[in-house]
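Numbers 76 to 248, taken from the working numbering, label the letters of the sequence shown in order.
C-beta atoms are modelled at their ideal positions from N, C-alpha and C, and glycine is treated no differently.
In this text, all values refer to a predicted model and were calculated from it rather than measured experimentally.
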Amino acid sequence: MTRSLARSVVCAVATGDAELAEHHRVRRAVFVAEQGIFTGDDLDPHDARDDVRHVVARVGETVVGTVRLFPLDPATGTWQGDRLAVLDRWRTAGAGAPLVRFAVATAAAAGGRRMVAHVQPANQRFFERLGWVAHGAEQYAGHPHVLMTIGLGPSAGDGQAPLLDEPAPQLGG
Ligand SMILES: CC(C)(COP(=O)(O)OP(=O)(O)OC[C@H]1O[C@@H](n2cnc3c(N)ncnc32)[C@H](O)[C@@H]1OP(=O)(O)O)[C@@H](O)C(=O)NCCC(=O)NCCS
C-alpha cells in the first residue's frame with residue numbers, strides 16, 4: 076500500500092443500512108476473526124445508542140477502516156472512542172490516523188471536552204504521535220490495554236487532569 080493511496084482516504088459517519096453493515100463487517104474482520112478479542116461479533120449496548128457515531132474510512136467505494144464514538148459522561152464532556160480498525164491489507168497506508176483525527180474532531184464539534192480510549196499496548200506510540208496521553212496500564216475486555224486521553228477543542232489542556240482520579244470506564248472496547 077502506498078502513501079499516495081492514503082491521500083484518498085475519506086472518513087465519514089456511516090449513513091444508511093449498507094454503510095453501517097460495512098462498518099460492522101470491518102470490525103468483525105479485525106476484532107473477531109483476526110484478533111479474537113470477541114467471539115461471534117463485537118456488538119455491545121453502545122451500538123444501539125441514539126447518540127453513537129459509527130465512522131467508516133473509504134478508499135473509493137471500499138470501506139477499509141472504522142472507528143466508533145459516543146458521549147461517555149455528558150457532565151464532564153467526556154467521549155469515548157473505540158473500535159478503531161483498519162483492514163489488514165490497508166494498514167500503514169494512512170487510514171488509521173485520519174480515523175482517529177476524525178473521531179476527535181467529531182467529538183469536539185459536538186461539544187466534547189476530552190476523549191478517552193482503551194488502547195492496545197502495541198498502539199500506544201501510534202496514539203501518542205497523534206497527541207494522546209497515556210495514563211497507565213489496565214485490563215480491558217479481558218486483555219492488557221493502556222488508558223489514554225486527548226483534550227478536545229480550546230479547553231484541551233483542561234480535559235485531561237481529572238481522569239487519573241476517576242475509575243476507568245469499562246463499557247465498549
Ligand atoms: C492501529 C491501526 C488502526 C493503525 O492503522 P493504520 O492505517 O496502520 O495507521 P496509519 O497508516 O494511519 O499510521 C500512521 C502512522 O503511524 C504509524 N503506525 C501505525 N501503527 C503503529 C503502531 N502500532 N505503533 C506505532 N506507529 C504506528 C504508521 O507507520 C504511520 O507512520 P508514518 O506517518 O511515519 O508513515 C491498525 O494497525 C489496526 O487496525 N490494527 C488492528 C486493530 C487495532 O489494533 N485497533 C486499535 C485498538 S487500540
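Per the DSSP secondary-structure output, H193 pairs in a beta bridge with L222. In the structure shown, the three-state DSSP call for V127 is coil.
If the five residues before and after Q214 are omitted, its C-beta is found closer than 8 Å to the C-beta atoms of H220, all from its own chain and listed in chain order. According to the DSSP assignment, P146 belongs to the beta strand (DSSP E) that extends over 137-148. Relative to ligand 1, even the nearest heavy atom lies 8 Å or more away from the CB of G111.
Relative to ligand 1, even the nearest heavy atom lies 8 Å or more away from the CB of W154. CA-CA distance, H121 to R82, rounds to 31 Å.
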